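These notes concern the structure reproduced below.
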Amino acid sequence: MGCCYSRVEREETVSRCKARKRYMKQFVKARQAFAASHALYLRSLRTTGSALLQFAAAEILHHHHLPPPQLFPSPPPPPPPMSPNSDTWTTTTTSTALPPPPPPPPEASSGWDFWDPFVASSSSSIPVREEEEWEETTVTSPAASAARVAPPPPVVSGFSKESELAVVVSTKSKDLVEIIKELDEYFLRAADAGAHLSSVLEVPTCVVPDQRSTGKVYEYGKSLSPLLWTWGSCHRLDGFGKLGEEVMVGSNIGGGDFISGSHCSTVEKLYAWEKKLYLEVKSVETLKMEHEKRAEQLRKLELNRGDYVKTEKMKKEVEKLESRMMVASQAIESTSSEIVKLREFELYPQLVELVKGLMGMWRSLYECHHVQTHIVKQLKYLNAVPSTDPTSEIHRQSTLQLELEIQKWHLGFCNLVKAQRDYVQSLTGWLRLSLFHIGNSPLSKSREREESAIYSLCEEWHLAMDRVPDKVASEGIKSFLIVIHAIVVQQGDEQKQKKRSESTFKELEKRVSELRSLESKHGQFSFVDASRGARSKDPIVVKREKVESLRVKAEEEKAKHEKSVSQTRGMTLNNLQMGLPHVFETLTSFANVCIHAFETVSNQASNTHEVHDVKRILPN
1 MGCCYSRVER
11 EETVSRCKAR
21 KRYMKQFVKA
31 RQAFAASHAL
41 YLRSLRTTGS
51 ALLQFAAAEI
61 LHHHHLPPPQ
71 LFPSPPPPPP
81 PMSPNSDTWT
91 TTTTSTALPP
101 PPPPPPEASS
111 GWDFWDPFVA
121 SSSSSIPVRE
131 EEEWEETTVT
141 SPAASAARVA
151 PPPPVVSGFS
161 KESELAVVVS
171 TKSKDLVEII
181 KELDEYFLRA
191 ADAGAHLSSV
201 LEVPTCVVPD
211 QRSTGKVYEY
221 GKSLSPLLWT
231 WGSCHRLDGF
241 GKLGEEVMVG
251 SNIGGGDFIS
261 GSHCSTVEKL
271 YAWEKKLYLE
281 VKSVETLKME
291 HEKRAEQLRK
301 LELNRGDYVK
311 TEKMKKEVEK
321 LESRMMVASQ
331 AIESTSSEIV
341 KLREFELYPQ
351 LVELVKGLMG
361 MWRSLYECHH
371 VQTHIVKQLK
381 YLNAVPSTDP
391 TSEIHRQSTL
401 QLELEIQKWH
411 LGFCNLVKAQ
421 RDYVQSLTGW
431 LRLSLFHIGN
441 SPLSKSRERE
451 ESAIYSLCEE
461 WHLAMDRVPD
471 KVASEGIKSF
481 LIVIHAIVVQ
491 QGDEQKQKKR
501 SESTFKELEK
511 RVSELRSLES
521 KHGQFSFVDA
531 SRGARSKDPI
541 VVKREKVESL
551 RVKAEEEKAK
561 HEKSVSQTRG
571 MTLNNLQMGL
581 PHVFETLTSF
591 ANVCIHAFET
601 VSNQASNTHE
611 VHDVKRILPN
């Protein structure tokens, strides 16, 4: 029996179906990992911005001995959502303020005040003041059309992916907190950029709401509002577009519109059908082997003119096996047909929608990171403020929290890329084995793969994920983590020096107290040995010398501590000036590559449809 089972498993058709089932099982897990890593990466953008803002506030506040202000006011309303089936989106804002007066003579530039071009509430509230110099710069979208669009006036800003992003700036001095606050706003926008993709991927429900949406301030050194995920085998999330219902995806495949259900349910249905197909194919192969065995026995009986009763009985067994094989083959055809329908009419439209979502998300991330690159360049106008105030415990905790959140950001980015690669790899592996009916000739199998729209899309997607420079971007985040860790180490050294200084002064205070006690009893000198004709070693003098020596040491330790404080302040600003521009430049470049990569994947799908439509029209 074991030998027969092993022989069945080795059959080419059975082993291929087993491999298909294995790839689909991997695909189910990869979809879950992709959804989770997507959600966690978006959250890491939010928490990194929050931690940066807390860090900057602590850096500034402990110089001025001020209580911490409300750092997180209610966020401005998000931009209008991009329509899933629209290739463009536009936001235009107007202000009732008077047009700005002609610019005065140029003044020394000390900072850039970026006017947010996306949100009406923020732009309309910007007052236009005299003696303030206004400048305009443009950030070109990678999908911009060849025609250059004239920049809008300072009180009106618009953006669409066919035009350029006009950034209106004014030159005025800003402190660290103001600059990081602008940066944090675009971290929030970047996190919001993946909302549509979250609905397609069906990310799990967030049980604990983000505290920033309630206007609460994070406590220093505490975990930043952890999200508690609830996983189901196929969880619906009404918060991202009513995923509790079936989603209509209008994909023009073969000239008609098809209904695409939940991506999660489609994937799990495919896995269920693949398991069924594997069992059916294995059953057919077992029947074939049994049929071959019985047919050979019948042939020998007929050849040897064996017993009539035995011969007739064997004939009936062979006919029964043939009948069972026919039923099983029909079941395989039915199961294969269900898999093809799910693949073509549900899975493929979902993948097209997913690619569009990825393209839109990376376009938005490109815009956000591009603006952030310009925002952090304002840091070069800041100078380290000379200060002898030691790093406070609140500041040290906020730095440790920032380091932790950047670690999560780096890990989240790496996991996001890996999860998508695993997703596409498992899907492509399954398609390579499943894009033909059981029993088709090798020539027809090859032709079907070449002409399949879903296979063409996934092959191009697979190639695109191999080409994206994720290591450069992840190293960019890691380099920022390294400079923040250097600040953590410097703050630790400062803390140690502070303890050494405090310990020395405490010892000095103790020795001074002892000296004063002796002097109160014996005066400035305790005694003189007249018989020897010379002053003996006076214990009070000895004590006084030790006190003076300790006083010098205490002053040296104090000076070292003050120098350490100064080094911490200088390193903090210097590391931010070096680290922040680099991380956003690498992420902007990565996002730009992703936009073009997913445009290529999307175009591949469109071109495949057009070729198939032409082939259907042309005669054979």
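Note that our numbering gives residue 566 to position 566 of the sequence shown, counting from 1, and the numbers run on in steps of one.
Even for Gly, the Cβ is constructed at its ideal location relative to N, Cα and C.
From a predicted model like this one, the values you see are computed outputs, not experimental measurements.
Original post:
For the 8 Å Cβ check, are there 3 or more pairs between the stretch 354 to 371 and the stretch 588 to 599?
Top reply: By the C-beta criterion, the stretch 354 to 371 is judged to be in contact with the stretch 588 to 599, since at least 3 inter-stretch pairs fall below 8 Å.
Original post:
Is Gly682 helix, strand or coil when you go by DSSP?
Top reply: Residue numbering for the chain in the displayed model covers 1 to 620; residue 682 lies beyond these limits and cannot be assessed.
Original post:
Within 10 angstroms of its Cβ, does Ser503 collect 16 or more other Cβ (buried), or is it exposed?
Top reply: Position 503 of the sequence shown, counting from 1, holds the residue named residue 503. That one is exposed.
**OP:** Starting from the Cα of Tyr41, find the closest Cα among Lys25, Glu268, Pro390 and Asn415 and give me that residue.
**Re:** Within the sequence shown, the letter at position 41 stands for residue 41. In this structure, Asn415 is the residue among Lys25, Glu268, Pro390 and Asn415 with its C-alpha nearest to the C-alpha of Tyr41.
Original post:
Contact between the stretch 45 to 59 and the stretch 175 to 186: three or more CB pairs below 8 Å?
Top reply: The stretch 45 to 59 vs the stretch 175 to 186: in contact.
Original post:
DSSP on Pro73, reduced to helix/strand/coil?
Top reply: Here residue 73 is taken as the residue at index 73 of the sequence shown, counted from 1. Per-residue confidence for Pro73 stands at a pLDDT of 37, beneath the threshold of 50, marking its modelled position as unreliable; no derived number is given.
Original post:
For the stretch 321 to 336 against the stretch 279 to 293, are there 3 or more C-beta pairs whose distance is under 8 Å?
Top reply: Three or more Cβ pairs drawn from the stretch 321 to 336 and the stretch 279 to 293 lie within less than 8 Å of each other, which places the two stretches in contact.
Subject >> Proximity to Glu548 [Cα-Cα], best of Ser564, Glu460, Asn574 and Ser513 >> reply: Here residue 548 is taken as the residue at index 548 of the sequence shown, counted from 1. Glu548 has its Cα closest to that of Ser513, out of Ser564, Glu460, Asn574 and Ser513.
Original post:
Going by Cα to Cα distance, which pick from Leu342, Arg432 and Val318 is closest to Trp273?
Top reply: Within the sequence shown, the letter at position 273 stands for residue 273. It is Leu342 whose Cα lies nearest to the Cα of Trp273.
Original post:
Leaving out five residues before and five after Ile60 in sequence, what residues of the same chain have Cβ atoms less than 7 Å from its Cβ?
Top reply: Taking the first residue of the sequence shown as position 1, residue 60 is located at position 60. Scanning its chain for C-beta atoms nearer than 7 Å, with the 5 sequence neighbours on each side dropped, one finds around Ile60 the residues Asp175, Leu176 and Val177, in chain order.
Subject >> Alpha-carbon spacing of Ala191 relative to Ile406, whole angstroms >> reply: Taking the sequence shown and counting its residues from 1, one reaches residue 191 at position 191. Taking the sequence shown and counting its residues from 1, one reaches residue 406 at position 406. Each residue's Cα considered, the two are about 15 Å apart.
Subject >> For Thr311, the three-state DSSP class (helix, strand or coil) >> reply: Translated into positions along the sequence shown, residue 311 becomes position 311. Of the three classes helix, strand and coil, the one that applies to Thr311 here is helix, per DSSP.
**OP:** Run the CB neighbour count on Gly254, radius 10 Å, all protein chains shown included, and call it buried at 16 or more, exposed below.
**Re:** Locating residue 254 in the sequence shown gives position 254, counting from the first residue. Note on Gly254: pLDDT 35, under 50, position unreliable in the model; no value is reported.
Original post:
Which residues mark the beginning and the end of the alpha helix (DSSP H) in which Pro349 is found?
Top reply: Taking the first residue of the sequence shown as position 1, residue 349 is located at position 349. That run of the alpha helix (DSSP H) goes Tyr348 to Val376.
Subject >> Continuous alpha helix (DSSP H) stretch holding Thr266: start and end >> reply: For the purposes of this step, residue 266 is identified with residue 266 of the sequence shown, where counting begins at 1. Residues His263 to Leu303.
Subject >> Residue range of the unbroken alpha helix (DSSP H) whose run includes Glu459 >> reply: For this step, residue 459 is matched to residue 459 along the sequence shown. Its alpha helix (DSSP H) spans residues Ala453 to Arg467.
Subject >> Same chain, Cβ closer than 7 Å to Lys553, neighbours up to 5 away in sequence not counted >> reply: What you label residue 553 is simply residue 553 of the sequence shown in a count that begins at 1. For Lys553, the CB contacts under 7 Å within the same chain, skipping 5 residues up- and downstream, are Thr504 in chain order.
Original post:
So does the stretch 594 to 607 actually touch the stretch 489 to 499, counting three or more Cβ pairs closer than 8 Å?
Top reply: By the Cβ criterion, the stretch 594 to 607 is not in contact with the stretch 489 to 499, since fewer than three pairs of Cβ atoms, one from each stretch, lie closer than 8 Å.
Subject >> Local Cβ density within 10 Å of Ser606, reported as buried at 16 or more and exposed below that >> reply: Within the sequence shown, residue 606 is the residue found at index 606, counting from 1. With fewer than 16 other Cβ atoms from the protein chains shown falling within 10 Å of its own Cβ, Ser606 counts as exposed.
**OP:** Please state whether DSSP places Asp422 in a helix, a strand or coil.
**Re:** Taking the sequence shown and counting its residues from 1, the one referred to as residue 422 is at position 422. When DSSP states are grouped into helix, strand and coil, Asp422 belongs to the helix group.
Original post:
Using 8 Å as the Cβ pair cut-off and three pairs as the minimum, do the stretch 475 to 484 and the stretch 416 to 426 touch?
Top reply: Contact between the stretch 475 to 484 and the stretch 416 to 426 is absent, because fewer than three Cβ pairs lie under 8 Å.
**OP:** Under the assumption that Gln372 contacts Phe584 (Cβ atoms under 8 Å), give the Cβ distance between them as a whole number of angstroms.
**Re:** Looking up residue 372 in the sequence shown gives position 372. Looking up residue 584 in the sequence shown gives position 584. Contact flag correct, Cβ pair sits at about 5 Å.
Original post:
If we ignore side chains and look at the alpha-carbon of each, how far apart do Arg43 and Gln350 end up?
Top reply: Taking the sequence shown and counting its residues from 1, the one referred to as residue 43 is at position 43. Taking the sequence shown and counting its residues from 1, the one referred to as residue 350 is at position 350. Approximately 24 Å, taken between the alpha carbons.
Subject >> Alpha-carbon spacing of Ser262 relative to Thr48, whole angstroms >> reply: The residue you call residue 262 lines up with position 262 of the sequence shown. The residue you call residue 48 lines up with position 48 of the sequence shown. One alpha carbon belongs to Ser262, the other to Thr48, and they sit about 32 Å apart.
Original post:
Do Gln26 and Ser426 have their C-beta atoms within less than 8 Å of each other?
Top reply: Position 26 of the sequence shown, counted from the start, is the residue given in the question as residue 26. Position 426 of the sequence shown, counted from the start, is the residue given in the question as residue 426. Ser426 is positioned such that its CB atom lies closer than 8 Å to that of Gln26.
Subject >> Euclidean distance between Cα positions of Val8 and Val14 >> reply: Numbered from its first residue, the sequence shown carries residue 8 at position 8. Numbered from its first residue, the sequence shown carries residue 14 at position 14. Spanning the alpha carbons of Val8 and Val14 requires a straight line of approximately 7 Å.
Original post:
If you draw a straight line from the alpha carbon of Glu202 to that of Arg569, how long is it in whole angstroms?
Top reply: Against the sequence shown, residue 202 aligns to sequence position 202. Against the sequence shown, residue 569 aligns to sequence position 569. Their backbone Cα atoms lie some 45 Å apart in a straight line.
Subject >> Simplified DSSP state of Thr600, which is helix, strand or coil >> reply: Taking the sequence shown and counting its residues from 1, the one referred to as residue 600 is at position 600. DSSP, reduced to helix, strand and coil, places Thr600 within a helical segment of the structure shown.
Original post:
Got a sec, what are the start and stop residues for the alpha helix (DSSP H) Ser520 sits in?
Top reply: Reading the sequence shown from its first residue, position 520 is the one you call residue 520. Per DSSP, the unbroken alpha helix (DSSP H) holding Ser520 starts and ends at Asp470 to His522.
Subject >> Assigned secondary structure, Ser199 (DSSP; H/G/I helix, E/B strand, else coil) >> reply: Your numbering for residue 199 matches position 199 in the sequence shown. DSSP places Ser199 within a helical segment (H, G or I) once states are collapsed to three.
Subject >> Among Lys21, Leu45, Asp307 and Thr391, nearest to Met571 - alpha-carbon criterion >> reply: Along the sequence shown, read from residue 1 onward, the residue named residue 571 stands at position 571. Closest option to Met571, Cα to Cα, is Thr391.
**OP:** Could you tell me the boundaries of the alpha helix (DSSP H) in which Lys174 lies?
**Re:** Counted from its first residue, the sequence shown places residue 174 at position 174. Unbroken run through Lys174: none, as it is neither H nor E.
Subject >> Whether Gly357 touches Val200 by CB criterion (8 Å) >> reply: Start at 1 with the first residue of the sequence shown, and residue 357 comes out as number 357. Start at 1 with the first residue of the sequence shown, and residue 200 comes out as number 200. Yes; because the gap between Cβ atoms is below 8 Å, this pair is in contact.
Original post:
Can you tell which of Ala35, Gln567, Lys408 and Leu550 has the C-alpha that lies nearest to the C-alpha of Arg500?
Top reply: Counting from 1 along the sequence shown, the entry for residue 500 is found at position 500. The shortest C-alpha separation from Arg500 is found at Leu550.
Subject >> Helix, strand or coil at Pro390 according to DSSP, with G and I counted as helix >> reply: Taking the sequence shown and counting its residues from 1, the one referred to as residue 390 is at position 390. Assignment of Pro390 by DSSP, reduced to helix, strand and coil, places it in the coil class.
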